[in-house]
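Participant:
In the numbering used here, the protein residues as written are 17 to 178.
Given below as structure tokens:
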């Protein structure tokens with residue numbers, strides 16, 4: 017039921033203005049997708065790179081987890097169905113049962129969007145993960161070692177902790 021509600025929210029979202037160059041309008045947000053440029057980085061380097069894209073740019077956060085998650089998932093499913101890609105860092109990290117977005121909001125370890133057995137109890141960074149490698153039937157949140165290189169998603173107009 018929650019997934020249907022979130023999907024319907026995504027269908028009625030308003031679009032506000034144009035995005036800066038290199039960003040793509042998805043739902044109400046402007047996002048930069050590093051896989052479109054063949055760039056993989058560690059979580060910290062990805063965050064640094066995102067911040068070079070504009071004064072309010074950073075790794076993507078899901079302000080309204082339901083709405084933003086579904087916008088990004090449907091965009092990736094629709095746009096990149098023929099482009100096999102891997103996990104993509106987003107702007108959250110933590111450990112154990114304490115997970116936070118880079119804007120300091122808590123990310124519930126009980127969210128329905130986590131991949132099975134996630135988040136792990138070890139410290140790590142959050143990424144969006146296809147259900148099966150290189151497919152986009154469903155996308156989950158997962159955690160991993162922050163020094164692993166991965167694709168990443170930047171977002172414009174983020175008010176984050178530094």
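Every residue, glycine too, gets a C-beta built ideally from N, C-alpha and C.
For residue 30, does the count of other Cβ atoms within 10 angstroms reach 16, so buried, or fall short, so exposed?
Facilitator: For residue 30, the pLDDT reaches just 38, beneath the cut-off of 50, and the residue's location in the model is therefore unreliable, leaving the point undetermined.
Participant: Taking residue 157 and residue 127 to be in contact with their CB atoms under 8 Å, please state how far apart those CB atoms are, rounded to whole angstroms.
Facilitator: The pair is a contact, with the Cβ atoms about 7 Å apart (cut-off 8 Å).
Participant: Residue 104: which of 129, 112, 75 and 115 sits nearest, CA to CA?
Facilitator: Of the listed residues, the one whose Cα sits closest to residue 104 is 75.
Participant: Buried or exposed: residue 114, going by 16 or more other Cβ atoms within 10 Å of its Cβ?
Facilitator: By the 10 Å Cβ count, residue 114 comes out exposed.
Participant: Please identify the residue among 164, 144 and 37 whose C-alpha is closest to the C-alpha of residue 93.
Facilitator: If we check each option's Cα against that of residue 93, 144 comes out closest.
Participant: If you draw a straight line from the alpha carbon of residue 53 to that of residue 168, how long is it in whole angstroms?
Facilitator: Answer to the nearest angstrom: the Cα atoms are 11 Å apart.
Participant: Starting from residue 122, follow its DSSP beta bridges and name the residues at the other end.
Facilitator: Paired residue(s): 116.
Participant: Going by the CB atoms, is the gap between residue 170 and residue 73 shorter than 8 Å?
Facilitator: Contact flag set, yes.
Participant: Any idea what DSSP makes of residue 93, helix, strand or coil?
Facilitator: Reduced to three states, the DSSP call for residue 93 is helix.
Participant: Give a yes or no on whether the minimum CB-CB distance between residue 67 and chain B is below 8 Å.
Facilitator: Given the protein chain composition of this structure (a single chain), no chain B is represented.
Participant: Under a Cβ-count criterion, where at least 16 other Cβ atoms within 10 Å of its own Cβ denotes burial, should residue 15 be classed as buried or exposed?
Facilitator: This structure leaves residue 15 out entirely; the chain is present only between 17 and 178.
Participant: Per DSSP, what are the beta-bridge partners of residue 75 in this structure?
Facilitator: Looking at the DSSP assignment, residue 75 forms a beta bridge with 170.
Participant: Measure the C-alpha to C-alpha separation of residue 162 and residue 117 and round it to an integer number of angstroms.
Facilitator: If I take the Cα positions, the gap works out to 14 Å.
Participant: Assuming contact is defined by CB atoms lying nearer than 8 Å, are residue 45 and residue 84 in contact in what I supplied?
Facilitator: A contact, by the Cβ cut-off of 8 Å.
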